[in-house]
């Protein structure tokens, strides 16, 4: 085909991709302007625009372009992946999880859909569904190192250490450079460090365990003190309970801010972590409730909540 017969649209797309690869994101976006001005509903150009904006670290315009691309090409998985990635960067995890579910449901036999759907769901709301999708991606593309990488990341977040390590080893066998996040694009966050480094990094479940331990060490003595004072001077007992309960909540909040990951990430990993985290907060709250209403049952509830948190942590460590 001569240069006179070449499709100008293809030229715009290729130049935009090249500019984006070179890191010239604004110029890449500008390269797409003529095509999108002429054809505002060009799904391919919109999908590329969304990907460029996302790579440039601009999730809001990336989301807008991706949603337009999805509307223009409803069956295409790539713009939906970009849409979900933008939602994750905007910390709109519930919406990102819904998009990931849509991707997975639409392409049960599509390795691309299962791989990226699993990765997104693992980031937005990790759990059994994400793990199953990662296994499906591996089954559909057993020679794809990225599929094993995603499986390793999801399994690691679920504290399935043996599965995570085996998947990581297989990813490294297939592609020795995969341990580096550089060049892995949207899947780079699942690049797994070597075992000696990974062992030094607390997991969300481990972090919840330490938080429950510290909170329990504070809540139990406070609850016992409130119970003893209640027999001698109920009014003083209630005042002390409110003050120390507030201190306990403040300490829980302080420790939580210093743990790895956000509270959302720590609580959504598995049921035991969720129970432990909620029970940890319920302990000092129950002490405050005792101070407010004066019922000894609230003190018992504080002790019970601490016990529940401990049982949840121990069960997670064993299983």
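Residue numbers (our numbering): 97 to 415.
Just so you know, even glycine gets a beta-carbon here, dropped at the ideal spot from N, CA and C.
Nearest residue (CA-CA) to residue i, options the options
{"i": "residue 220", "options": "248, 200, 410, 181", "result": "181"}
{"i": "residue 211", "options": "223, 187, 196", "result": "196"}
{"i": "residue 179", "options": "236, 150, 206", "result": "150"}
{"i": "residue 230", "options": "367, 307, 214", "result": "214"}
{"i": "residue 174", "options": "376, 400, 147, 331", "result": "147"}
{"i": "residue 332", "options": "388, 347, 350", "result": "388"}
{"i": "residue 172", "options": "318, 315, 198, 390", "result": "198"}
{"i": "residue 316", "options": "400, 188, 256", "result": "400"}
{"i": "residue 138", "options": "153, 162, 119, 120", "result": "162"}
{"i": "residue 235", "options": "258, 206, 392", "result": "206"}
Collapsed DSSP secondary structure at residue i in the structure displayed
{"i": "residue 131", "result": "helix"}
{"i": "residue 108", "result": "helix"}
{"i": "residue 207", "result": "helix"}
{"i": "residue 152", "result": "coil"}
{"i": "residue 244", "result": "helix"}
{"i": "residue 333", "result": "helix"}
{"i": "residue 186", "result": "coil"}
{"i": "residue 223", "result": "coil"}
{"i": "residue 170", "result": "coil"}
For residue j and residue i, believed in contact at Cβ under 8 Å, the rounded distance
{"i": "residue 246", "j": "residue 218", "result": "7 Å"}
{"i": "residue 380", "j": "residue 325", "result": "No, residue 380 and residue 325 are not in contact; Cβ-Cβ is about 17 Å, not under 8 Å."}
{"i": "residue 184", "j": "residue 216", "result": "7 Å"}
{"i": "residue 370", "j": "residue 312", "result": "That belief does not hold up - the Cβ atoms of residue 370 and residue 312 are roughly 17 Å apart, past 8 Å."}
C-alpha distance - residue i paired with residue j, whole-angstrom precision
{"i": "residue 244", "j": "residue 383", "result": "47 Å"}
{"i": "residue 107", "j": "residue 239", "result": "33 Å"}
{"i": "residue 263", "j": "residue 131", "result": "43 Å"}
{"i": "residue 126", "j": "residue 145", "result": "10 Å"}
{"i": "residue 226", "j": "residue 123", "result": "37 Å"}
{"i": "residue 273", "j": "residue 248", "result": "15 Å"}
{"i": "residue 405", "j": "residue 373", "result": "7 Å"}
{"i": "residue 339", "j": "residue 320", "result": "15 Å"}
{"i": "residue 377", "j": "residue 410", "result": "17 Å"}
{"i": "residue 348", "j": "residue 396", "result": "20 Å"}
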